[in-house]
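Peer 1: I am attaching a structure below and will ask some questions about it afterwards.
In the UniProt record's numbering, the protein residues as written are 1 to 291.
So this is what it looks like as structure tokens:
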């Protein structure tokens, strides 16, 4: 009833909320993406997206289709692997940025391990900038991280707006330097936050530096300052800083998958994990269970 290619296209649009970005990710024409979505909507007998010239949003039926599409594609890929006799093997060095510590990425990795038990998955959790450096040095095979603004590499998973967050009770004094809670260099979020403040001529000071997301969250919850963070991944116990605080806009950031250059079994395993992440990308917008 549901064509796997149409389901993949639907997931790409649902994750990017853009027909243009989905077409770029899938290597298709935008008209083909629209056709796939229309055919899936015809098959389901429901409208899956509400869209106008400015925005694309999932309908209630579209939200329901997310879970079904992901599970249908997982079963389809499992059946294909079983009957073609293809089994992935080897060592896969995967790096994920600190941003995903509190998301449901572990569920995607658990499913990948179940589907490919002969792949030795080695996970590295680090700052996005550090992961890009290790990938360039040949120390990682696949990276899921924020992309530097000047870096064209990577397959977009989704684009999000950066926002200022802090403890709800925190009050900023306009006459004093902004207290910042930041990753150490080469943190991409750190660089974007400092650039935004300096463009506005706003004084700042570093109130806390930590290479651990949990360390930054603890400092923010204690009211030590503000931090720049992805809008969709705001940790529990923290809130967006209100506009009246006068902090500058931080702009958008791309979360991307970037492949390394090591040939052989690692390439196939990296391709399979990348496909699993793209198929289940909506899980990365939500918190892990129990968080």
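For each residue, glycine too, the CB sits at the ideal point set by N, CA and C.
Just tell me which of 262, 119, 97, 6 has its CA closest to the CA of residue 68.
Peer 2: Ranking 262, 119, 97, 6 by Cα distance to residue 68 puts 6 first.
Peer 1: According to DSSP, residue 192 sits in a beta bridge with which residue or residues?
Peer 2: DSSP output for residue 192 lists no bridge partner at all.
Peer 1: Between residue 142 and residue 129, what straight-line distance do the alpha-carbon atoms span, to the nearest angstrom?
Peer 2: Going by the C-alpha atoms only, they are around 14 Å apart.
Peer 1: From 194, 36, 252, pick the residue whose C-alpha is nearest to that of residue 177; which is it?
Peer 2: Of the listed residues, the one whose Cα sits closest to residue 177 is 194.
Peer 1: Leaving aside the five residues before and after residue 158 along the sequence, list all residues of the same chain whose C-beta is less than 7 Å from its C-beta, in chain order.
Peer 2: Cβ neighbours of residue 158 beyond the five flanking positions: 15, 16, 255, 281.
Peer 1: Tell me the residue span of the alpha helix (DSSP H) that contains residue 41.
Peer 2: Residues 30-44.
Peer 1: May I ask you to report which of helix, strand or coil DSSP gives residue 222?
Peer 2: Coil at residue 222, not helix or strand.
Peer 1: Since residue 205 and residue 180 are thought to touch, with beta carbons under 8 Å apart, how far apart are those beta carbons, to the nearest angstrom?
Peer 2: Contact holds; Cβ gap of about 7 Å.
Peer 1: Less than 8 Å between the beta carbons of residue 50 and residue 160, yes or no?
Peer 2: The answer is no: Cβ separation not under 8 Å.
Peer 1: Return the CA-CA distance between residue 92 and residue 261, expressed in angstroms with no decimal places.
Peer 2: Their backbone Cα atoms lie some 12 Å apart in a straight line.
Peer 1: Which complete beta strand (DSSP E) runs does the segment 103-174 hold, if anything under 3 residues is left out?
Peer 2: Correct list: 119-126, 142-146, 155-166.
Peer 1: Excluding the five sequence neighbours on either side, which residues of its own chain have a C-beta within less than 6 Å of the C-beta of residue 189, listed in chain order?
Peer 2: If we look at residue 189 and ignore the five residues flanking it on each side, its Cβ neighbours are 228.
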